[in-house]
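Beneath this line is the structure, given in structure tokens, with notes to follow.
There are 2 protein chains.
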Amino acid sequence: MVIEGIRSLLQQEQDVEWMGHAMNADSCLAFLKQQQPDIVLMDINLPGKSGIDLCKEVKEKYPSVFIIGLSTFNQQSFIQKMMENGASGYVLKNASREELLEAINTVIKGKIYLSDEVSQAMKHTHSENIILTRREKEVLELIAEGMTNNVIAQKLFISVTTVDTHRKNLLAKFDVKNTALLIRTATQLQII
Amino acid sequence: MVIEGIRSLLQQEQDVEWMGHAMNADSCLAFLKQQQPDIVLMDINLPGKSGIDLCKEVKEKYPSVFIIGLSTFNQQSFIQKMMENGASGYVLKNASREELLEAINTVIKGKIYLSDEVSQAMKHTHSENIILTRREKEVLELIAEGMTNNVIAQKLFISVTTVDTHRKNLLAKFDVKNTALLIRTATQLQII
DNA sequence: AATTATCTCCCTGAAAAACAGGATATTTAA
DNA sequence: TTAAATATCCTGTTTTTCAGGGAGATAATT
Numbered sequence: 002m003v004i005e006g007i008r009s010l011l012q013q014e015q016d017v018e019w020m021g022h023a024m025n026a027d028s029c030l031a032f033l034k035q036q037q038p039d040i041v042l043m044d045i046n047l048p049g050k051s052g053i054d055l056c057k058e059v060k061e062k063y064p065s066v067f068i069i070g071l072s073t074f075n076q077q078s079f080i081q082k083m084m085e086n087g088a089s090g091y092v093l094k095n096a097s098r099e100e101l102l103e104a105i106n107t108v109i110k111g112k113i114y115l116s117d118e119v120s121q122a123m124k125h126t127h128s129e130n131i132i133l134t135r136r137e138k139e140v141l142e143l144i145a146e147g148m149t150n151n152v153i154a155q156k157l158f159i160s161v162t163t164v165d166t167h168r169k170n171l172l173a174k175f176d177v178k179n180t181a182l183l184i185r186t187a188t189q190l191q192i193i
Numbered sequence: 002m003v004i005e006g007i008r009s010l011l012q013q014e015q016d017v018e019w020m021g022h023a024m025n026a027d028s029c030l031a032f033l034k035q036q037q038p039d040i041v042l043m044d045i046n047l048p049g050k051s052g053i054d055l056c057k058e059v060k061e062k063y064p065s066v067f068i069i070g071l072s073t074f075n076q077q078s079f080i081q082k083m084m085e086n087g088a089s090g091y092v093l094k095n096a097s098r099e100e101l102l103e104a105i106n107t108v109i110k111g112k113i114y115l116s117d118e119v120s121q122a123m124k125h126t127h128s129e130n131i132i133l134t135r136r137e138k139e140v141l142e143l144i145a146e147g148m149t150n151n152v153i154a155q156k157l158f159i160s161v162t163t164v165d166t167h168r169k170n171l172l173a174k175f176d177v178k179n180t181a182l183l184i185r186t187a188t189q190l191q192i193i
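So the sequences go chain by chain: A and B. Each residue of the first sequence is one higher than the last, beginning at 2 in the numbering used here. Each residue of the second sequence is one higher than the last, beginning at 2 in the numbering used here.
Below is the structure:
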């Protein structure tokens, strides 16, 4: 619905040509193999692979394709990651038609577009850039599923003490002191 | 952007007349004072008052106006509340144009429209049975803020053992076995 | 070649949570 | 007016988490 909405919105513009759309990461990559548009509007919330990861992959394979991130919420952590992964802009879904067109016109020139609302959210960032390692992310997800260190250790074929270490590092990185706050902030930052 | 998208999408239909749009609850109510459409598409995530509350208010004042809930996520708790408050349908924003039109055509006849995806999410709900007491909700929120039983006890002027009891009851009601899962499911169900 | 990051494993001891199985007032609602 | 729900408190034991260290192996960067 959102896709078709944006499409019929953009098709009213003569300067903009709609080349197609994809509903998930794989079909997006398949599409880009066939043809490369100037700009890709990319939703953050995709089924399976996140828009953030897809952004990185697309930029690595097709550096000339400009990417504009799309999301409902003004989530600073997302915006930042998206930009780090090579996006040229970020637009909220509640943005106006004019704003979207402005974003496209800015990005096509090779410039960065961030709306006032978005760039303000970027400044209000006390939630530092929490970067987790692959293992830490793994452990965090298993903790969130209610597993104890012992169970996690068996699952990952590592020692309980190692799991404990990862857990301690997670607490340190999130700057929290127990599991409750860990899970809460992690969900709030949409990391899990 | 989403509004304008849906608008230009619906304006292609001869059977549908677009009467206007509102960006928040107040301007929606002001709009309805002037004129009442057959159907209102209502986003759940509004600035300030939630779509759920607005839905109730609109239905009380204008019972003949049918409301279709709109949201990005398939959040069972939201859908249920929305329907309880008098909505006639619920559509996800990733729904197709056809689905939206089907929803409109169903609802205008006075029937209820729920897409397969949505009604499935409604069935997968063992969650509606979870009713917390005032005290339990209080304790749950303090747990989510990272407090230990001891701190909570001091804060609420009750014994640590009492807090422990509430905690045990919370685990039982949510059918989970530790804090991590408690916080996770509670946040997922939007209880905290 | 040296630093850094990541993953791995270990220790001690303390704190907290989970589990089991009670009891007793006080509201609330049928 | 009872029965049910709620809130309060207790004694234990076991399990898990947290705090604060150290330390080796490997791989990636500088």
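No residue lacks a Cβ here, since even glycine has one placed at the ideal position from N, Cα and C.
**OP:** Report buried or exposed for Asn86 (chain B), applying the criterion of at least 16 other Cβ atoms within 10 angstroms of its Cβ.
**Re:** Along the second sequence, read from residue 1 onward, the residue named residue 86 (chain B) stands at position 85. Classification for Asn86 (chain B): buried.
Subject >> Separation of Val152 (chain B) from Arg8 (chain A), as counted between CA atoms >> reply: Numbered from its first residue, the first sequence carries residue 8 (chain A) at position 7. Numbered from its first residue, the second sequence carries residue 152 (chain B) at position 151. About 54 Å.
Subject >> Whole-Å CB distance - Gln37 (chain A) paired with Tyr63 (chain A), under 8 Å assumed >> reply: What you label residue 37 (chain A) is simply residue 36 of the first sequence in a count that begins at 1. What you label residue 63 (chain A) is simply residue 62 of the first sequence in a count that begins at 1. Rounded to the nearest angstrom, the Cβ distance from Gln37 (chain A) to Tyr63 (chain A) is 5 Å, consistent with a contact under 8 Å.
Subject >> Thr126 (chain A) burial status per 10 Å Cβ neighbour count (16 or more: buried) >> reply: On the first sequence, position 125 is the one that residue 126 (chain A) refers to. Confidence at Thr126 (chain A) is low in this model, with a pLDDT of 46, below 50, so the placement of that residue is unreliable and no value is reported for it.
**OP:** Put Met20 (chain A) into one of helix, strand or coil per three-state DSSP.
**Re:** Looking up residue 20 (chain A) in the first sequence gives position 19. Of the three classes helix, strand and coil, the one that applies to Met20 (chain A) here is coil, per DSSP.
Subject >> C-alpha gap between Ile184 (chain B) and Lys174 (chain A), whole angstroms >> reply: Counting from 1 along the second sequence, the entry for residue 184 (chain B) is found at position 183. Counting from 1 along the first sequence, the entry for residue 174 (chain A) is found at position 173. If I take the Cα positions, the gap works out to 19 Å.
**OP:** Identify which residue in B:Thr73, B:Glu139, B:Glu103 and B:Ile159 has its Cα closest to the Cα of Met43 (chain B).
**Re:** Indexing the second sequence from 1 puts residue 43 (chain B) at position 42. It is B:Thr73 whose Cα lies nearest to the Cα of Met43 (chain B).
**OP:** Kindly examine the ligand NAD and report whether one of its heavy atoms sits closer than 8 Å to the Cβ of Leu101 (chain B).
**Re:** In the structure shown, the ligand NAD is absent, as is every other ligand, since no ligand is present at all.
**OP:** Pull up the distance between the alpha-carbon of Asn46 (chain B) and that of Leu93 (chain B), whole angstroms please.
**Re:** Residue mapping note: residue 46 (chain B) aligns to position 45 of the second sequence, counting from 1. Residue mapping note: residue 93 (chain B) aligns to position 92 of the second sequence, counting from 1. Going by the C-alpha atoms only, they are around 12 Å apart.
**OP:** Examine chain A for any beta-carbon lying closer than 9 Å to the beta-carbon of Ile109 (chain B), and answer yes or no.
**Re:** Indexing the second sequence from 1 puts residue 109 (chain B) at position 108. It does not; no Cβ of chain A falls within 9 Å.
Original post:
So which residues on chain A does Met2 (chain B) lean against when the C-beta distance must stay under 9 Å?
Top reply: Numbered from its first residue, the second sequence carries residue 2 (chain B) at position 1. Simply Val3, Gly6, Ile7, Leu10, Leu71, Val92, Leu93, Lys94, Asn95, Ala96, Ser97, Arg98, Glu100 and Leu101.
**OP:** Name the two residues that bound the continuous beta strand (DSSP E) containing Val152 (chain A).
**Re:** Here the question's residue 152 (chain A) lines up with position 151 in the first sequence. First-last for Val152 (chain A): Asn150 to Leu157, but that is the alpha helix (DSSP H), not the beta strand (DSSP E).
**OP:** Please work out which residues of its chain come closer than 6 Å, Cβ to Cβ, to Gly6 (chain A), disregarding the five sequence neighbours upstream and downstream, and give them in chain order.
**Re:** Walking along the first sequence from the start, residue 6 (chain A) turns up at place 5. Correct list: empty, nothing qualifies.
Subject >> Pairwise C-alpha distance: Thr180 (chain A) and Thr186 (chain B) >> reply: As a working note, residue 186 (chain B) is residue 185 in the second sequence. As a working note, residue 180 (chain A) is residue 179 in the first sequence. Counting only the Cα atoms, Thr180 (chain A) lies some 14 Å from Thr186 (chain B).
Original post:
Along chain A, which residues have their Cβ under 8 Å away from the Cβ of Thr166 (chain B)?
Top reply: If you number the second sequence from 1, residue 166 (chain B) lands on position 165. Listed along chain A, no residue sits closer than 8 Å to Thr166 (chain B) by beta-carbon distance, the nearest being about 18 Å off.
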